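Protein chains: 2
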Amino acid sequence: MKPGSKDQKIEGVRGADESPAGAEARADAAYRFLRNAILTNEIPVGFQATEVEIAARLGMSRTPVHEAMARLQEEGFVQILPRRGILVKGLSPADLLEIYDILIGLEGAAAERLALEGGDAISEVVQELENLTERMELALDAGDMDAWADADEAFHDALVARCGNGRIRRLAGTVSGQSHRARRLTLNMRPPPAQSVIEHRQIIHAIEAADPIAAGSAARAHRRRARDQLVPILRRLNFSSL
Amino acid sequence: MKPGSKDQKIEGVRGADESPAGAEARADAAYRFLRNAILTNEIPVGFQATEVEIAARLGMSRTPVHEAMARLQEEGFVQILPRRGILVKGLSPADLLEIYDILIGLEGAAAERLALEGGDAISEVVQELENLTERMELALDAGDMDAWADADEAFHDALVARCGNGRIRRLAGTVSGQSHRARRLTLNMRPPPAQSVIEHRQIIHAIEAADPIAAGSAARAHRRRARDQLVPILRRLNFSSL
DNA sequence: GCACTCCATCTTGCATGCAAGCTTGCACGC
DNA sequence: GCGTGCAAGCTTGCATGCAAGATGGAGTGC
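Protein sequence lines correspond, in order, to chains Z and S. Numbering-wise, the first sequence is residues 1 to 242 according to my numbering. Numbering-wise, the second sequence is residues 1001 to 1242 according to my numbering.
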């Protein structure tokens, strides 16, 4: 019933908890730690535990864990089973399709917004996006797929984080986190992403040219292609959830 | 704490609270009630209170109120001031701009998704969208702006709610709720929305034609126009917040 | 009269106590 | 042997107690 749960040790809250300057709330610490643990697969999909167990492992009482769980459930990472405990949820191909559709929309909006802001105000952002794309190119030439994935992720993070719309940043951060596992898992099953560099540059050029429609279209087309590559792979692998 | 000691009574929680079948949690009741009260201006912008006061009026303890507040803060409805209490936040023109950019993105994604689903599977949805548009048209002819606004809102709700993507529905619901007040407030300051009916039909036609790109473009263009009409009005009125 | 300091109070975050409901397992009866 | 019913335990949701920190006011000193 509890796959590999008992002996698995959770650590990492201490740092945040003890830091005197940060004065981080326990509930936030619990949320951040659990979210990170789920994203990095330290807590595997299918893991099931009660609030009391989790609280004990994190060295706090049930209250902050309870609040963290409510947030994690809202964001789709866990499911609170009525009287059975907390279940770490996986993502089905259908879930990933939903997530990608949202990212297509949000990143398109972010690119539009950046292009609307005009030239000088965003030259720094454009520079950063270009730098990250260059990092992708170098990583690709070197065959370092992990470095490529890091740079690609950073590009997409920067696009939404620096678009000037804090709500987009927050929403996209929440949503894209959920697709993290799937992207990493399928990293080596996808065709070599040479196309990505070109598409990223198209997005950048449209932003530089202050052409919102083109920027949005380019961003959406880029993500759409990623979606149409990723989802069939997952379907073929018959991942009911991951 | 004496429940009912305050003379001003907030009603609406009781029904949900007492319902034996529903078995609704107090935290959810508090969240729903407070959100609704804020959206309908029963609790005005600028209202400030402590958790204890709110809990007393709702006839519950601080715990569920605390959880509800955390959610409401995440969604931007209130702000928890460090040691001052809870403040009901208003929306600045910049906030509304952010919200509209997100809705542009999400509704575009919803329209794309609907168009991708193809013909037969979505005929029912198309019919509903067409019916709602017709209601708008009739309301417009009758000069009943409130009815028009209701139908317009229902159209947009249906677009995201029936697109098949539950995450889009949830996100859009949260985000668009925040713009509710602003839309209603400026209802009579905007030019007659005859254009809206045409644009809605363009969206519907593109969905029927199974043309995702056109459907997304139409949905975005429609919302973009609304944004570009609404935001300048708010700026001109010098609403720092509402 | 003004400014600074100190104290008291108020507020939130967390821990713990308590109750209600479901689930599961066992025992008994048919 | 099987089905049903009861009971006990477990889990969560909520109430309340407690402590830490900040703020505001009042008092005193210059």
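Note that beta-carbon positions come from the ideal geometry of N, C-alpha and C, so glycine has one too. Since this is a predicted model, take the numbers as computed values, not measurements.
- Annotation for Val1197 (chain S): Thr1133, Met1136, Glu1137 and Leu1140 place their beta carbon closer than 8 Å to its own, counting only its chain and skipping 5 residues before and after.
- Scanning the stretch 1148-1201 of chain S for uninterrupted alpha helix (DSSP H) segments of 4 residues or longer gives 1166-1185, listed from N- to C-terminal end.
- Residues of chain Z with a Cβ closer than 9 Å to the Cβ of Gly1166 (chain S) are, in chain order, Glu98.
- In this structure, DSSP gives Ala1049 (chain S) an extended state, which the three-state scheme calls strand.
- An exposed status is given to Pro232 (chain Z), since fewer than 16 other beta-carbon atoms sit within 10 Å of its beta-carbon.
- When only Cα atoms are considered, Ile1122 (chain S) and Leu1159 (chain S) end up about 11 Å apart.
- Close partners of Arg26 (chain Z) in chain S (Cβ separation under 8 Å) are lacking, with about 13 Å as the shortest Cβ gap.
- The Cβ of Arg190 (chain Z) sits no closer than 8 Å to any Cβ of chain S.
- DSSP places Ile1099 (chain S) within a helical segment (H, G or I) once states are collapsed to three.
- Proximity of Leu1171 (chain S) to chain Z, defined by a Cβ-Cβ separation below 8 Å, is satisfied.
- Residue contact with chain Z for Arg1083 (chain S): absent (no Cβ-Cβ distance below 8 Å to any residue of chain Z).
- Scanning chain S for C-beta atoms nearer than 7 Å to the C-beta of Gly105 (chain Z) yields Gly1105, Leu1106, Gly1108 and Ala1109, reported in chain order.
- Between the stretch 1210-1230 of chain S and the stretch 1089-1104 of chain S there are three or more inter-stretch CB-CB distances shorter than 8 Å, so the stretches are counted as touching.
- Residue pairing by DSSP places Leu81 (chain Z) opposite Z:Gly85 in a beta bridge.
- Rounded to the nearest angstrom, the Cβ distance from Met1060 (chain S) to Arg1026 (chain S) is 5 Å, consistent with a contact under 8 Å.
- Among the residues facing chain S, Asp141 (chain Z) is not included, as its CB has no counterpart in that chain under 8 Å away.
- Take the alpha-carbon of Pro64 (chain Z) and the one of Ala29 (chain Z): they are about 9 Å apart.
- Excluding the 5 residues flanking it on each side, Arg113 (chain Z) has same chain C-beta neighbours closer than 7 Å at Cys163, Gly164 and Asn165, in chain order.
- Distance from the CA atom of Ser1092 (chain S) to the CA atom of Leu185 (chain Z), rounded to whole angstroms, is 42 Å.
- Between the alpha carbons of Glu1098 (chain S) and Ala1194 (chain S) lies a gap of roughly 25 Å.
- With contacts defined as CB atoms closer than 8 Å, Tyr100 (chain Z) and Leu72 (chain Z) fail to qualify as a contacting pair.
- Cβ atoms of Arg1201 (chain S) and Gln1229 (chain S) stay farther apart than 8 Å, at about 19 Å.
- Within 8 Å of the CB of Ile1102 (chain S), the CB atoms of chain Z belong to Leu106, Ala109, Asn165, Arg167, Ile168 and Leu171, in sequence order along the chain.
- For Arg1181 (chain S), no CB of chain Z lies under 8 Å from its own CB, so it is not counted at the interface with that chain.
- In the DSSP assignment, Asn41 (chain Z) falls outside any alpha helix (DSSP H) and carries neither an H nor an E.
- According to the DSSP assignment, Asp228 (chain Z) belongs to the alpha helix (DSSP H) that extends over Pro212 to Arg236.
- Look at Ala1070 (chain S): its C-beta is under 8 Å from a C-beta on chain Z.
- Taking a C-beta cut-off of 9 Å against chain Z, the contacting residues of the stretch 1043-1076 of chain S are Thr1063, His1066, Glu1067, Ala1070, Arg1071, Glu1074 and Gly1076, listed in chain order.
- Here Leu237 (chain Z) is exposed, its C-beta having fewer than 16 other C-beta atoms within 10 Å.
- Under the three-state reduction of DSSP output, Gly90 (chain Z) falls in the coil class, being neither helix nor strand.
- From the beta-carbon of Arg113 (chain Z), the residues of chain S found nearer than 7 Å are Asp1101.
- With respect to the 8 Å criterion, Pro212 (chain Z) and Ala149 (chain Z) are not classified as neighbours on the basis of their beta carbons.
- If you compare the alpha carbons of S:His1066, S:Ile1038 and S:Asp1157 with that of Gly1046 (chain S), the shortest gap goes to S:Ile1038.
- Within 10 angstroms of the beta-carbon of Asp1120 (chain S) lie fewer than 16 other beta-carbons, which makes it exposed.
- Scanning its chain for C-beta atoms nearer than 8 Å, with the 5 sequence neighbours on each side dropped, one finds around Ala151 (chain Z) the residues Leu132, Thr133, Arg135, Met136 and Ala139, in chain order.
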